[in-house]
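Participant:
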Amino acid sequence: MTWTSGRLLGFDTETTGVDTSRDRIVTAALVMRDGLTGLSRTRTWLIDPGVEIPEGASAIHGITTEYARAHGRPPTEVLEEVATAIAGAMADGVPVVAFNAAFDLTILEYELARHGLPTVTDRLGRAPGPAVDPLVLDRALDRYRPGKRTLGALSEHYRVVASGDLHAADVDVEATLDVLRAMIARFPELAQVPLSSMHERQIRAHFAWARSFNEWLQANGYERPPADGSWPTQGEYALDEATIADIVARARAAAIAHRVDQAAGTQAAGVAGAQTAGARESSAARAAG
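Just so we're aligned: 206 in UniProt numbering is position 206 of the sequence shown, and the numbers increase by one with no gaps anywhere.
Okay, here's the thing in structure tokens:
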């Protein structure tokens with residue numbers, strides 16, 4: 001059975017902004033989906049973040065400061081429940097599926113630390129994972145496709161119809177899981193990759209994308225912060241450079257070994273073919289004599 005046939009835990013947040021170290025989580029959703037049956041169990045949360053929700057953010061996800069204050073729960077309660085579920089899934093080897101996972105998992109780590117709660121990293125005693133990110137996979141599998149790579153754009157590209165308006169956390173999670181399923185149907189080799197290898201492949205893929213993107217920014221004179229090359233967590237919770245370098249180096253070594261094996265196989269096949277041809281010629285000569 002492949003990892004795609006097991007349980008998948010979808011995760012998404014809606015927030016006060018896009019700064020993972022400063023902004024706050026307003027809503028969160030977790031969807032546990034059975035990979036075989038497609039049946040899902042959904043949990044959603046609304047937080048009173050204790051700060052003003054900017055109008056720009058409210059315009060995206062629909063949650064105003066007043067609504068969050070009236071109906072939201074304390075951050076510590078919600079964050080503890082979300083982190084417990086995510087860390088528990090990861091500890092059991094259940095992949096957490098998130099679109100642009102580096103945003104949601106990183107802001108969760110900062111929020112947990114802000115409120116004096118153990119981070120997911122603390123709870124696991126290691127870097128968070130396994131995770132699966134359709135954005136990272138799509139960039140790697142279809143590198144040169146033009147156009148946006150938002151959740152809406154990928155839903156359209158992979159012919160996924162959302163169950164509601166995107167930018168509601170639970171709708172986004174369902175769409176993310178559906179996009180992943182459609183990607184696996186289009187690229188069935190994904191299902192054959194062991195989950196641990198899949199996680200490392202995404203670390204390498206995101207690192208390569210960030211390096212290429214930053215080179216493009218520099219070459220075109222854009223003045224903006226460079227893309228963080230770490231995945232699935234960034235900022236203070238980024239993978240250290242030595243870990244990323246080791247993962248990249250092991251992948252290169254494996255690729256070289258694979259090419260050597262292929263070359264050796266081709267050479268061996270050539271030698272065997274030559275030997276067979278020689279044997280046939282010898283037999284023919286003996287028969288003629």
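We put the CB at the ideal spot given by N, CA and C, even for glycine.
Indicate the three-state DSSP secondary structure (helix, strand or coil) for M90 in the structure shown.
Facilitator: Reduced to three states, the DSSP call for M90 is helix.
Participant: Nearest CA to the CA of G10: which residue from R24, I184, V171?
Facilitator: V171
Participant: Taking the alpha-carbon of A28 as reference, which of D133, R41, D12, Q202 has the nearest alpha-carbon?
Facilitator: D12
Participant: L190 by DSSP, collapsed to three states: which one?
Facilitator: helix
Participant: Would you grab the beta carbon distance between R204 and A251 for me? Rounded to a whole angstrom, and I think it's under 8 Å.
Facilitator: 5 Å
Participant: Terminal residues of the continuous alpha helix (DSSP H) containing E215?
Facilitator: 195 to 219
Participant: Would you call N220 buried or exposed, if buried means 16 or more other Cβ atoms sit within 10 Å of its Cβ?
Facilitator: exposed
Participant: Exposed or buried, M1, counting other C-beta atoms within 10 Å across all chains shown (16 or more means buried)?
Facilitator: exposed
Participant: Based on Cα-Cα distance, which residue from G6, T16, A191 lies nearest to L39?
Facilitator: Ranking the options by Cα distance to L39, first place goes to G6.
Participant: By a C-beta neighbour count over all protein chains shown, 10 Å radius and 16 as the cutoff for buried, is R22 buried or exposed?
Facilitator: exposed
Participant: Quick one: is T65 buried, meaning 16 or more other Cβ sit within 10 Å of its Cβ, or exposed?
Facilitator: buried
Participant: Excluding the 5 residues flanking M183 on each side, which residues of the same chain have their C-beta closer than 8 Å to its C-beta?
Facilitator: Setting aside the 5 residues that flank it on each side, M183 is surrounded in the same chain by P134, L137, D138, L141, Y158, L190, each with a C-beta closer than 8 Å to its C-beta; the list follows chain order.
Participant: Who are the near neighbours of P194 in its chain, counting only those whose CB is closer than 8 Å to its CB and skipping five residues on each side?
Facilitator: Closer than 8 Å at Cβ, skipping near neighbours: W3.
Participant: Is it the case that the Cβ atoms of H167 and E14 are separated by a distance below 8 Å?
Facilitator: In contact: H167 and E14 (Cβ atoms closer than 8 Å).
Participant: Contact defined as beta carbons within less than 8 Å: I believe F99 pairs with T20. What is the distance between those atoms, to the nearest angstrom?
Facilitator: Their Cβ separation, rounded to whole angstroms, is 15 Å, which puts F99 and T20 out of contact at 8 Å.
Participant: Using the Cα positions of G228 and Y222, report the straight-line distance between them to the nearest angstrom.
Facilitator: It is Asp, not Gly, that sits at residue 228 in the sequence shown. Computed Cα separation, rounded: 16 Å.
Participant: For P118, which residues from the same chain have a beta carbon less than 8 Å from its beta carbon, with the 5 sequence-adjacent residues on both sides left out?
Facilitator: A83, L112
Participant: At a cut-off of 7 Å, would you count N220 as near the ligand GTP, judging by its Cβ distance to the nearest heavy atom?
Facilitator: The model depicted lacks the ligand GTP and carries no ligand whatsoever.
Participant: Suppose you measure from the CA of S197 to the CA of A101; what does that come to, to the nearest Å?
Facilitator: Their Cα atoms are separated by approximately 17 Å.
Participant: Since V96 sits in a beta bridge, which residues does DSSP pair it with?
Facilitator: Answer is L9, A131.
Participant: What separation, rounded to the nearest whole angstrom, lies between the Cα atoms of V78 and I256?
Facilitator: Each residue's Cα considered, the two are about 47 Å apart.
Participant: Using only the alpha-carbon positions, how far apart do G88 and Q202 sit?
Facilitator: 21 Å
Participant: Just to confirm before moving on: does the CB-CB distance between L46 and G62 stay below 8 Å?
Facilitator: Not a contact, by the Cβ cut-off of 8 Å.
Participant: Of all the beta strand (DSSP E) runs that stay within the bounds of the stretch 120 to 183, which reach a length of 3 or more residues?
Facilitator: none
Participant: Does L39 come out as helix, strand or coil in the three-state DSSP assignment?
Facilitator: coil
Participant: Can you tell me which of S212, S230, D165 puts its alpha carbon nearest to the alpha carbon of R143?
Facilitator: S212
Participant: DSSP state of R24, grouped into three classes?
Facilitator: coil
Participant: Any beta-carbon of chain D closer than 8 Å to the one on L177?
Facilitator: Absence of chain D from the displayed structure is noted, only one protein chain being present.
Participant: What is the residue span of the alpha helix (DSSP H) that H115 lies within?
Facilitator: In this chain, H115 is not harboured by any alpha helix (DSSP H), its DSSP state being neither H nor E.
Participant: If you drop the 5 nearest sequence neighbours on each side, which residues of the same chain put their C-beta closer than 7 Å to that of residue 359?
Facilitator: The question about residue 359 has no answer, for the chain in this structure spans 1 to 289.
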